[in-house]
Every structure is written in C-alpha cells, then in structure tokens.
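Undergrad: Here you go, one structure.
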Ligand code: FES
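Numbering (this note's numbering), first residue to last: 4 to 138.
In structure tokens, the structure reads:
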C-alpha cells in the first residue's frame, strides 16, 4: 500500500466520523468465495458514460462519480471549506459549492473560492459493469 492510499483512507475515516473504523467485518469461511463486504456499490458503469458526472452516496455521505476520459473517479461532494455539498455545473464543466462560491475541477482540485483543500478522492474499483468504493 502506498502512502497516498494510507492518507486517503485516514482522511475518509475522519470524514465519516470514524464510522468505518468502528465497523466490524463478518467472519468468512472462505474469503475467496465471497465478495469483499467492504466494497460499496455506488453506481452502474452504464450510468456514467465518458464526460458524465453522477451523484450518489457512500455511507450517507454525498459523493460524485465522474467519468474523466474513460477513467472513473469518485469524489466526496462535501466541500472542504465548511462542508456544504458541491454540485456539478455542466455548463462550466466544474464542481461548484453554493455556500461561498468554492470551485473545483473534475479531479476535485480547488480552482476558486475559499476551500483550503481539494475534495477527497475515494478509492474506486470497476468490476462487472459496476462501480464500487473500496475500503
Ligand atoms: S462551504 Fe464550500 S465554499 Fe464554503
């Protein structure tokens, strides 16, 4: 595991208020035979064609599922300024925060306004036409 994965997971756990850290995984008789219970289905790949942005949720947190040039990205939609929910502005091709005019690009990087940090990027897996956030 890379350092980036570790810090991303730490940030995700903080964002979710420790809910993930407290979750108990079931005992498995055969791990290879069962799906990973930590993976959370967030969207169907067919619903996020290239260039599209879809809203969804992950453990109750608003998220954005984006297809950036054929690559699926999942971002927290919680603004890093004061936690308002950002939305996709299709005309501007940017993510915008309605509270204090924060602006982020498709990769969650701050491009305007007061947000002090990029949107949190969640680890993602695409399998069998489905998009999962991976714990
Ligand atoms: S909460 Fe998003 S810019 Fe302030």
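A virtual CB, placed ideally from N, CA and C, is assigned to each residue, including glycine.
Would you kindly check if the distance between the Cβ of residue 48 and the Cβ of residue 132 is under 9 Å?
TA: Yes, Cβ-Cβ distance for residue 132 and residue 48 is below 9 Å.
Undergrad: For the beta strand (DSSP E) that residue 65 lies in, which residues bound it at each end?
TA: Start and end: 64 to 71.
Undergrad: Quick one: does the C-beta of residue 118 sit closer than 8 Å to a heavy atom of the ligand FES?
TA: Checking the Cβ of residue 118 against the ligand FES gives yes.
Undergrad: Between the Cα of residue 135 and those of 56, 61, 83, 53, spot the shortest distance and give me the residue it belongs to.
TA: Of the candidates 56, 61, 83, 53, the one whose C-alpha sits nearest the C-alpha of residue 135 is 61.
Undergrad: For the ligand FES, I want to know if residue 111 counts as a neighbour, meaning its beta carbon is within less than 8 Å of at least one of the ligand's heavy atoms.
TA: No, the Cβ of residue 111 stays beyond 8 Å of every heavy atom of the ligand FES.
Undergrad: Any heavy atom of the ligand FES within a distance shorter than 8 Å of the CB on residue 79?
TA: Residue 79: no, Cβ never under 8 Å from the ligand FES.
Undergrad: So for residue 138, helix, strand or coil by DSSP?
TA: Of the three classes helix, strand and coil, the one that applies to residue 138 here is coil, per DSSP.
Undergrad: With respect to the beta strand (DSSP E) encompassing residue 75, which residues constitute its N-terminal and C-terminal limits?
TA: It spans 74 to 79 - the beta strand (DSSP E) in which residue 75 sits, taken as one unbroken run.
Undergrad: Please confirm whether residue 111 and residue 76 have their CB atoms less than 9 Å apart.
TA: Contact flag set, yes.
Undergrad: What are the boundary residues of the beta strand (DSSP E) that includes residue 97?
TA: It spans 97 to 99 - the beta strand (DSSP E) in which residue 97 sits, taken as one unbroken run.
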